[in-house]
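Take a look at the structure set out below.
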Amino acid sequence: MFSEILVAVDGSKIGKRALEIALEEARLWKARVHVVYVVETGLFSSLPMDSTWEIMYSMLEKEGQETIAAAQSMASEKGVKLETHIRQGHAGNEIVKASRELGADLIIVGSHGKSEVDRLLLGSVSSFVVGNSSVAVLVVRPSLK
37 MFSEILVAVD
47 GSKIGKRALE
57 IALEEARLWK
67 ARVHVVYVVE
77 TGLFSSLPMD
87 STWEIMYSML
97 EKEGQETIAA
107 AQSMASEKGV
117 KLETHIRQGH
127 AGNEIVKASR
137 ELGADLIIVG
147 SHGKSEVDRL
157 LLGSVSSFVV
167 GNSSVAVLVV
177 RPSLK
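Start counting the sequence shown at 37; every next residue gets the next number (this note's numbering).
Rendered as structure tokens:
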């Protein structure tokens, strides 16, 4: 049913859970997995780029590389091949755009990011993706355990 799965990761626990589900679905459907991490530039676009913002931006890039490396390790353990992508821009826009470019037929995202501050500053990425995607979207919610 699905052949190209795009999963958005952000370094959060729920992002890790979204990746776990993507890897399970990939094994089930023998699908290819694309892991996307977006360095959110919307926070910086209207502000002058000084050294403080440059440091914050480089920290986000580093977090993205670490998150992608962890995803590769997890996929390797499960015997699933994946392609990784680090993008820059508004997370919701970039996820939808990447899904089109990569021919994804399923997008998997977490219901929220690392903190409520993320949601206040960036809006709900998952809501944006659901509202703007032309393919199926699976929204992963936190466990109630």
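All C-beta atoms, glycine included, are put in the ideal place defined by N, C-alpha and C. Computed from a prediction, not measured in an experiment: that's the story for all the values here.
Would you decide whether residue i is buried or exposed? Buried here means 16 or more other CB atoms lie within 10 Å of its CB.
i	result
residue 170	exposed
residue 135	buried
residue 105	exposed
residue 103	buried
residue 179	exposed
Rounded to the nearest angstrom, how far is the Cβ of residue i from that of residue j, given a contact under 8 Å?
i	j	result
residue 70	residue 118	7 Å
residue 74	residue 40	Wrong, their Cβ atoms sit about 18 Å apart, outside the cutoff.
residue 146	residue 163	Contact doesn't hold; Cβ gap of about 12 Å is too wide.
residue 61	residue 38	6 Å
residue 114	residue 63	7 Å
Beta-carbon within less than 8 Å of residue i's beta-carbon, same chain only, minus the 5 sequence neighbours each way: which residues are those?
i	result
residue 137	none
residue 97	75, 122
residue 112	none
Who are the Cβ neighbours of residue i in its own chain at under 7 Å, not counting the five residues just before and after it?
i	result
residue 95	none
residue 139	40
residue 100	73, 75, 122
In chain order, what residues of the same chain have a beta carbon less than 6 Å from the beta carbon of residue i, not counting five sequence neighbours either side?
i	result
residue 25	Outside the shown range of the chain, which is 37 to 181, sits residue 25, and nothing can be said about it.
residue 51	45, 146
residue 173	143, 165, 166
residue 168	132
residue 120	71, 104
As a quick exercise: from the options, pick the residue whose alpha carbon is nearest that of residue i.
i	options	result
residue 122	165, 88, 77	77
residue 127	174, 148, 63	148
residue 124	108, 93, 116	93
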